[in-house]
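Below is one structure, written out as structure tokens, with a few remarks after it.
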Amino acid sequence: MSPVTQALDAPAAQGTDRHAQLTRRSAGRRFLTRPEVGSLVGAIAVFVMFFAVAEPFRAAASLSTVLYASSTIGIMTVGVALLMIGGEFDLSAGVGVTTSALAAGMFSFQFSTNVWVGVLVALVVSLAVGFVNGYVLVRTGLPSFLVTLATFLMLQGLNIAITKLITGGVASDSISDMDGFGQAQAIFASAVTIGGISVKITVFWWLLFVAIATWVLLRTRIGNWIFAVGGQSDSARAVGVPVNRTKIGLFMTVGFLAWFTGMHTLFAFNTVQSGQGATNELIYIAAAVVGGCLLTGGYGSAIGGAIGAFIFGMTTQGIVYANWDPDWLKFFIGATLLAATLLNMWVRTRAARR
Amino acid sequence: MTSNTDGVAVVELDGVGKNYGNICALSGVSLAVEASEVTCILGDNGAGKSTLIKVISGLHSYDEGRYLVDGEQVRFTSPRDALNRGIATVYQDLAVVPLMSVWRNFFLGSEVTKGTGPWRRLDVTAMRETADAELRKMGIDLPDIDQPIGTLSGGQRQCVAIARAIHFGARVLILDEPTAALGVKQAGVVLKYVAAARDAGLGVILITHNPHHAFMVGDHFVVLRQGQVELNAARRDLTLDALTLHMAGGAELEELRHELDRLEATSTSPASAGWKNG
Chain A
1 MSPVTQALDA
11 PAAQGTDRHA
21 QLTRRSAGRR
31 FLTRPEVGSL
41 VGAIAVFVMF
51 FAVAEPFRAA
61 ASLSTVLYAS
71 STIGIMTVGV
81 ALLMIGGEFD
91 LSAGVGVTTS
101 ALAAGMFSFQ
111 FSTNVWVGVL
121 VALVVSLAVG
131 FVNGYVLVRT
141 GLPSFLVTLA
151 TFLMLQGLNI
161 AITKLITGGV
171 ASDSISDMDG
181 FGQAQAIFAS
191 AVTIGGISVK
201 ITVFWWLLFV
211 AIATWVLLRT
221 RIGNWIFAVG
231 GQSDSARAVG
241 VPVNRTKIGL
251 FMTVGFLAWF
261 TGMHTLFAFN
271 TVQSGQGATN
281 ELIYIAAAVV
291 GGCLLTGGYG
301 SAIGGAIGAF
311 IFGMTTQGIV
321 YANWDPDWLK
331 FFIGATLLAA
341 TLLNMWVRTR
351 AARR
Chain B
1001 MTSNTDGVAV
1011 VELDGVGKNY
1021 GNICALSGVS
1031 LAVEASEVTC
1041 ILGDNGAGKS
1051 TLIKVISGLH
1061 SYDEGRYLVD
1071 GEQVRFTSPR
1081 DALNRGIATV
1091 YQDLAVVPLM
1101 SVWRNFFLGS
1111 EVTKGTGPWR
1121 RLDVTAMRET
1131 ADAELRKMGI
1141 DLPDIDQPIG
1151 TLSGGQRQCV
1161 AIARAIHFGA
1171 RVLILDEPTA
1181 ALGVKQAGVV
1191 LKYVAAARDA
1201 GLGVILITHN
1211 PHHAFMVGDH
1221 FVVLRQGQVE
1231 LNAARRDLTL
1241 DALTLHMAGG
1251 AELEELRHEL
1261 DRLEATSTSP
1271 ASAGWKNG
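Protein chains in written order, with my numbering: chain A, 1 to 354; chain B, 1001 to 1278.
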């Protein structure tokens, strides 16, 4: 070999103690580079604040209420966070929940079927909406903002128009006396009493979905693909990752969770207002971003999204407990979003600096 | 697969031509890539380097001539086909996902799993250790296999991509302008790993338009011009100056120089001298 190559050996020689370095990356630093650290700090801050100013907030039953509010946001946020890590987002997620609930409620009522038939029809509808979002996106190459904005507007229109056409009003008919209602309610909208405190079942579903999503993201091939697709889809495709299937799957996951949340709404209230749901998608997206998901994709965690949802759940209920004017809620959410994003950015740059 | 000690080239092109419509991008290109050798393909922009690479890597098919792998004619329909024959391509920008860790990038698309059914999961320990060992074999020392690959330098990223290709069974490695976007030191690091890949017994095809880089590691040089082979020579038959001259257009450049000399002789304006230095 030429002297040139010998000279090049010099930089490699400094790595002799590399095994020491390998283990030196401390647990602390590893923790700080996790996506959800910023939001954890934020969650603690919000908790401490309401704990200090709102006396009713301190009761254990209040925590149960806060967790319930968090879970209704959080279940959707799981899907939205996964999708965001995969590099896309879904503006139709909010009205998609209502679409699913309306589909189940109206189908069961109009055809007088067991409610489970309506539930399955709604599942098909929700998965189809997700599939169409994903399919149009990968086939046209249009940005997800545009594709899902179109879906959002179309679903919003369909929700109200079809409901009016069928029921003559703006809400679906009550299905509380139909076959299978009690059974479905037990699954989607019941409560479990733990230590004298009633905890809504959605809290447990929420935790389960977060756990599954975390497992998938960190310990399965699909999780690896989600990060890759969001981080650099061209590279992912070049090494054989099925980019299109991954993206469509993510949109369908959002569809699945919209179905689940929709079923909760339906069986908790027996009837669904056709106009509701809009602007919730922004709360889901905000929760995912607060939880450390990068809007541009390739980075984030399901746990972070859950913490983001918890922050917003605490805020929603905390404002009530503190006797503040609820009009402040949106302002508070916006301020939290900004603060959390800046905090995340700061933590990440500090932790990444070596 | 058997080794190619018997003198059969791993990859051989025999009079290969490629047309895009009625534009002739390549014609009559013949070259042989031997194991444990670095074959450098040089040429100016538009000389046909990219087309040649696309043919060898299976992205495009060829229209004339023969393409042989281990002495056997092939016609690839996708890069996957080429990969299955052990021909891997490392593209300059398409190599990695910056925010993912080094080991996840290393195994991306070919993840190792254990368990079955819903318990089928990534074998993280095995992947981290394998990635670490493979990189070390190439002489790449990383302080932390968990760091995002985006925090590595451009040269190191190329090296991880090269090590990855080797680990997944590449026998021929096509490197598309690996040093183009790199500084002097980084380019040196990449060339060192090119040499390491060659020493590991791979046939390396190095595409570059930098004759200095090519001459440091090359065993065989092919210069393309307007889709045709301008020069096909072994290292011992060549000097860096001769290579540079061929690369720069050879006889054509010589002629140009004469013309410019004449211009300078007739022109007495100081502006022309300034232009020459600039």
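Heads up, the beta-carbon is just placed ideally off N, CA and C, and yes, glycines get one too.
Chain B contact residues for A/GLY240, given Cβ-Cβ distances below 8 Å: ARG1080, GLY1109 and SER1110
Amino acids of chain A, ordered along the chain, whose beta-carbon sits closer than 9 Å to that of B/LEU1099: PHE227, GLY230, GLY231, GLN232, LEU294, GLY297, GLY298 and TYR299
A/ALA128 classed as buried or exposed, judged by whether at least 16 other C-beta atoms fall within 10 angstroms: exposed
Cβ-Cβ separation, A/ALA309 to A/ILE73 (assumed contact under 8 Å), whole Å: 4 Å
Top-ranked residue by Cα proximity to B/SER1078, from B/GLN1092, B/ALA1181, B/LEU1068 and B/ILE1056: B/ILE1056
The beta strand (DSSP E) enclosing B/VAL1033, as first and last residue numbers: 1023 to 1033
Cut-off 7 Å between Cβ atoms - residues of its own chain near B/LYS1018, not counting five sequence neighbours on either side: ALA1025, LEU1026, THR1051, VAL1055, HIS1060, TYR1062 and ASP1063
Residue environment, B/ASP1199, which counts as buried when at least 16 other CB atoms sit within 10 Å: exposed
Residue nearest to B/GLY1033 in terms of C-alpha spacing, selected from B/ILE1205, B/ALA1163 and B/LEU1263: Checking the sequence shown, residue 1033 of chain B turns out to be Val, not Gly. Of B/ILE1205, B/ALA1163 and B/LEU1263, the residue nearest in Cα terms is B/ILE1205.
Reference A/VAL121, options A/ASN133, A/ALA104, A/PHE111 and A/GLY277, closest by Cα: A/ALA104
Helix, strand or coil at A/PHE89 [DSSP, three-state]: coil
Own chain partners of A/GLN21 with C-beta closer than 7 Å, once the 5 adjacent residues on each side are dropped: Reliability of the predicted coordinates at A/GLN21 is poor, the pLDDT of 44 falling under 50, and no value is obtained from them.
Contacts around A/THR23, its chain only, beta-carbon distance under 8 Å, and the 5 residues preceding and following it disregarded: Note that A/THR23 has pLDDT 46, beneath the 50 cutoff, so the model's placement of it is unreliable and no number is given.
Exposure label - B/PRO1118; buried when at least 16 CB within 10 Å: exposed
Partners in chain A for B/VAL958, counting only beta-carbon separations shorter than 8 Å: It is not possible to answer for residue 958 of chain B, since the shown part of chain B is limited to 1001 through 1278.
Per DSSP, the bridge partner or partners of A/TYR284: Partner(s): none; A/TYR284 has no beta bridge.
Coil, strand or helix - B/GLN1156 by DSSP: helix
Neighbour flag for A/ARG219 against chain B, beta carbons, 8 Å: yes
Residues bridged to B/PRO1148 [DSSP beta-bridge criterion]: B/SER1101
Cutoff 8 Å: A/LEU337 Cβ touching any chain B Cβ: no
Contacts around A/LYS200, its chain only, beta-carbon distance under 6 Å, and the 5 residues preceding and following it disregarded: TYR68 and ALA191
Which listed residue (A/ASN344, A/ASP327, A/GLU281 and A/TYR299) has its alpha carbon closest to that of A/GLN156: A/GLU281
Rounded C-alpha distance that separates B/PRO1211 from B/THR1244: 6 Å
Reduced DSSP category for B/TYR1091 - H, G, I as helix; E, B as strand; rest coil: coil
Unbroken stretches of the alpha helix (DSSP H), 4 residues or longer, contained in the segment 159 to 245 of chain A: 181 to 188, 201 to 219, 221 to 231 and 233 to 238
Rounded straight-line distance, which links the Cα of A/VAL272 to that of B/GLY1058: 56 Å
The beta strand (DSSP E) enclosing B/LEU1224, as first and last residue numbers: 1220 to 1225
A/THR151 to A/VAL170 span [Cα, whole Å]: 20 Å
Buried versus exposed call for A/GLY28 [16 or more other C-beta atoms within 10 Å across all chains shown]: exposed
Within-8 Å CB hit, A/ASN159 to chain B: no
Distance cut-off 7 Å: A/ALA81 Cβ against heavy atoms of the ligand ADP: What this structure holds is no ligand at all, so the ligand ADP is not there to describe.
Where the alpha helix (DSSP H) through A/GLY134 begins and ends: 115 to 140
Anticipated Cβ contact below 8 Å, A/PHE332 with A/THR349, distance rounded: Actually they are not in contact, since the Cβ atoms of A/PHE332 and A/THR349 sit about 26 Å apart, beyond 8 Å.
CB-CB length for A/PHE267 against A/GLN185, believed under 8 Å: 4 Å
Same chain, Cβ closer than 8 Å to B/SER1036, five either side skipped, listed in chain order: ARG1198, ASP1199, GLY1201, LEU1202 and GLY1203
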